[in-house]
Each structure stands twice: as structure tokens, then as C-alpha cells.
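What follows is a single structure, written as C-alpha cells, with notes after it.
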Amino acid sequence: MGLIGAVLVARVPTGEIYSPKLKQQYPNRDWILTRILWLDGIEAHNKNTKARYIYIHGAPDEATMGVPSSKGCIRLRNQDIIELFERVKIGEDVVIMKP
């Protein structure tokens with residue numbers, strides 16, 4: 080599986096590893112790192128999450144967590160997305176709850 084900090088664009092690894100220098104080079108990039116859980120919504124208002132490219136994915140370590148700041152995704156620390164990715168099997172339900 081991919082490296083911690085591996086950059087993904089359109090669900091494909093770019094071959095880059097995230098770094099502050101890379102962030103300076105691409106300041107407006109939406110950083111999707113390490114792993115992606117690409118979900119289908121089951122509620123009527125969220126059935127199109129797959130079509131909207133809504134993910135649970137890794138984010139830069141310096142990213143603020145727990146506050147909305149992405150384009151609808153749920154961002155996790157890279158180690159956390161690795162652990163979640165290893166636990167969730169294809170076809171399993173994932174329930175997202177507010178803390």
C-alpha cells in the first residue's frame with residue numbers, strides 16, 4: 080500500500096510525498112494524502128457522495144482537525160486513516176457521527 084504522506088489526485092497517487100516545500104509549490108492544492116475511503120451515502124440527501132468525490136482521507140499533519148475546512152471530506156491524521164483503512168472492509172457500513 081502507499082506511503083504515509085503519498086499525494087493523491089483524482090484517487091490516483093501522483094508519486095509525490097507531501098512536504099511543506101511541496102505545499103509552498105502548490106499552495107491552492109486540496110491535499111488528499113495516504114489513503115482514501117470513498118463512500119456511498121445511504122441517506123437521501125447524501126446518496127451522491129461518491130459522485131461528488133467525498134472521501135475520508137489523510138491530511139497534512141499541520142492541518143487543523145475538528146473544524147470544517149475541506150470541500151466536504153472528512154480529514155484524518157495520516158496514521159489514523161491507515162488504521163481505519165485496515166479495519167474497514169469493502170461493503171461494510173461506515174457510520175459518521177458528531178463527537
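Taking my numbering, the leading residue of the sequence shown gets 80, the next gets one more, and so forth. Cβ coordinates follow ideal geometry from the N, Cα and C atoms, glycine included.
* **Spatially closest choice to Ile135 from Glu122, Ser149 and Thr143, by CA coordinates** => Of the listed residues, the one whose Cα sits closest to Ile135 is Ser149.
* Asked: Whose CA, out of Ile160, Cys152 and Met144, lies closest to the CA of Gly82?
  -> The sequence as given places Leu at residue 82; Gly does not occur at that position. Ranked by Cα distance from Leu82, the options Ile160, Cys152 and Met144 are led by Ile160.
* To do: Within the same chain, show all residues whose beta-carbon is closer than 7 Å to that of Gly84, passing over the 5 residues directly before and after it, in chain order.
  => Counting only Cβ-Cβ distances below 7 Å, and skipping sequence neighbours, we find Ile96, Tyr97, Leu112, Thr113 and Asn157.
* Asked: Which of helix, strand or coil does DSSP assign to Ala89?
  -> Coil, per DSSP.
* **Burial state of Gly137, where buried means 16 or more other Cβ atoms lie within 10 Å** => Around the beta carbon of Gly137, a 10 Å sphere encloses 16 or more other beta carbons of the protein chains shown; the residue is thus reported as buried.
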